[in-house]
Amino acid sequence: MNAYLFPIKIALITFPIAAFFLTLPFLIVQYRKYGYVNKVRSFVLYSMLLYFISAYYLVILPLPANRDNCVPGGSGVFSQWIPFTFIRDIMKETNVVWSQPSTYVTILGERAFWQAAFNVALTLPLGVYLRYYFRKSFLATTIIAFVVSLFFETTQRTGLYGIYACPYRLFDVDDLMLNTVGGMLGFVLAPLITYFLPHSSKLDADVDLTRRPVGFIRRAIALWLDYLCIGFIYWIIAIFMVAANGNDVDHFLNYLESNGWVLAITIFVYFILMPLWTEGKTFGKWVTRIHLIDDRLAADPERTNKLSFKGLLIRYGLLYFGIGGINYVFFYVLNSGYLAELGGFAPIVIILWLVFNAFVGLHVLLHIFRRDKRLFYEKMSGTRNAITIPDRMLPYAGSAVPEETREDAEENPPVRRTMEFQDGSQLIIRADAVAEPQEELSVDEIPDPQHGASAASGGPDAGAEQEEKAAEDEAKQWSREEQVERELARLRAKLDQDRSDK
1 MNAYLFPIKI ALITFPIAAF FLTLPFLIVQ YRKYGYVNKV RSFVLYSMLL YFISAYYLVI
61 LPLPANRDNC VPGGSGVFSQ WIPFTFIRDI MKETNVVWSQ PSTYVTILGE RAFWQAAFNV
121 ALTLPLGVYL RYYFRKSFLA TTIIAFVVSL FFETTQRTGL YGIYACPYRL FDVDDLMLNT
181 VGGMLGFVLA PLITYFLPHS SKLDADVDLT RRPVGFIRRA IALWLDYLCI GFIYWIIAIF
241 MVAANGNDVD HFLNYLESNG WVLAITIFVY FILMPLWTEG KTFGKWVTRI HLIDDRLAAD
301 PERTNKLSFK GLLIRYGLLY FGIGGINYVF FYVLNSGYLA ELGGFAPIVI ILWLVFNAFV
361 GLHVLLHIFR RDKRLFYEKM SGTRNAITIP DRMLPYAGSA VPEETREDAE ENPPVRRTME
421 FQDGSQLIIR ADAVAEPQEE LSVDEIPDPQ HGASAASGGP DAGAEQEEKA AEDEAKQWSR
481 EEQVERELAR LRAKLDQDRS DK
């Protein structure tokens, strides 16, 4: 048993390190593909990472003491090609008396049985992942399990791809068979194991990215990528300056980074002018699938560019030329030695600088845990980050709007229909009933006050007219619902026809 526990222990130690280095690529892929990070999907993928690390370590560990591990003067046997040898090994080592069922339980303590059971269990999680998350068929799962098992056996047969002089484990055809059976068994047991998890095709159902705030981790990644991009631009400029003036690159890089005017112009062009041309995107925002919008302009459906120069100038003027400018001036004074010339005022300047940055940090920290993620410069400029919705998430846009929070919920009751198919796909149709436009009355059609007074006092025709109007409104409502039902029936028939054609 220790032979199995040791690799698992090493895997548990290695997993956090691998997870740390893979977190940034994982987040970027999730942002690009889905527009957000789903907690269930993250749990499944990180558990799959832990499984693959554990499985690989179980195959290769423990390692030989040195690379020259061949037996002197011997021709070792490195392969076992006879199928079902594991059954013969179990029969040879077992103490089970087949005519006495009470002895059957003793097989659970025998080495040959556990070795075969381990080979089945090794790829059982693989079958679960392939069916649940990747939605593979039984045949595809079987083939993938066989290929993965072949990779494991090849790793052992080649002495860890030639790192060791000789193989230190046997290439066993029984292991190949049992690993494949393990993947098949995992496929069969997947519905039972994943019973408490949502269906993989419904992980993104009712996720409305139009209402989802952009988190600070996502914004920090975008900002880091933007700074890398600016650093790359500086490096290119420095190379051209070297070609023109014949100096070294470091000299010009230091000049560009220390020159406040160059930095200010770069920030102005990159963060203020460029988003006007790219619909609110910088390089970092494009990678993380976010963009800037101006709330005052976003309500105009005819306006394609949802940003204004004024909004961007206020936003980044406060951020980079306000907060950033104060810190830039302080560090410039500190590095230039001017702080010593202030004498007794120097500690006061340092304290004021620390208090200023503490307030900024506290402001950011408070908004991290608040539902409203907008910082002060966003509220003052009327701009905010919004998610650029991937095409695969467009069917769910607007689906998670709570009906009780809609301002027009009473006037325009939402009509929503969902149609599900056997393969887990969904068709979502959402139509909001629109209030009927009121007809304008001409002068001749305006009722006279006397007639209005009689109607208000409960004239003989007033009640009949109100009942007739209520009946017409109810008929219109039923007509709209019938139209939706007919459209659903038509789409259902069309999809069924397309499936039968395929």
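Letter by letter, the sequence shown follows residues 1 to 502 in full-length UniProt numbering.
By construction, the Cβ of each residue, glycine as well, lies at the ideal position given by its N, Cα and C atoms.
Ranked by Cα distance from G382, the first of D174, R315 and G325 is R315.
If you draw a 10 Å sphere on the C-beta of H291, you find 16 or more other C-beta atoms in it, and that means buried.
For H291, there is no enclosing alpha helix (DSSP H); the residue is found in the beta strand (DSSP E) stretching over I290 to D294. In the three-state DSSP reduction, Q100 falls in the coil class, being neither helix nor strand.
At a Cβ-Cβ threshold of 9 Å, V40 and L203 count as neighbours. The Cβ atoms of T103 and I53 lie no closer than 9 Å to each other. Boundaries of the alpha helix (DSSP H) harbouring A190: V173 to I193, taken from the DSSP string.
In the DSSP assignment, N385 falls within the unbroken beta strand (DSSP E) covering T383 to I387. DSSP places S54 within a helical segment (H, G or I) once states are collapsed to three. When the five nearest sequence neighbours on each side are left out, the beta carbons in the same chain lying within less than 6 Å of the beta carbon of A11 are those of I53, S54 and Y57, in order along the chain. Assignment of beta-bridge partners to Q80 by DSSP yields D172. Listed in chain order, the non-local C-beta contacts of A3 below 6 Å within the same chain number zero, local neighbours out to five positions each way being set aside. DSSP places M274 inside the alpha helix (DSSP H), whose first and last residues are M274 to W277. By the neighbour-count definition (other C-beta atoms within 10 Å, threshold 16), G162 is an exposed residue.
Nearest neighbour of V207 by Cα position, chosen from F20, M393 and V287, turns out to be M393. Under the three-pair Cβ rule at 8 Å, the region 82–92 does not count as touching the region 25–36. In this structure the region 163–180 touches the region 69–85; the number of beta carbon pairs closer than 8 Å is three or more. Less than 9 Å separates the beta-carbon of L160 from that of L63. Annotation for H367: the continuous alpha helix (DSSP H) segment containing it runs A346 to I368. E110: not part of any alpha helix (DSSP H); DSSP gives it neither H nor E. Taking K306 as the centre and dropping the five residues before and after it, the same chain places the C-beta of I293, D294, L297 and A298 closer than 6 Å to its C-beta, in chain order.
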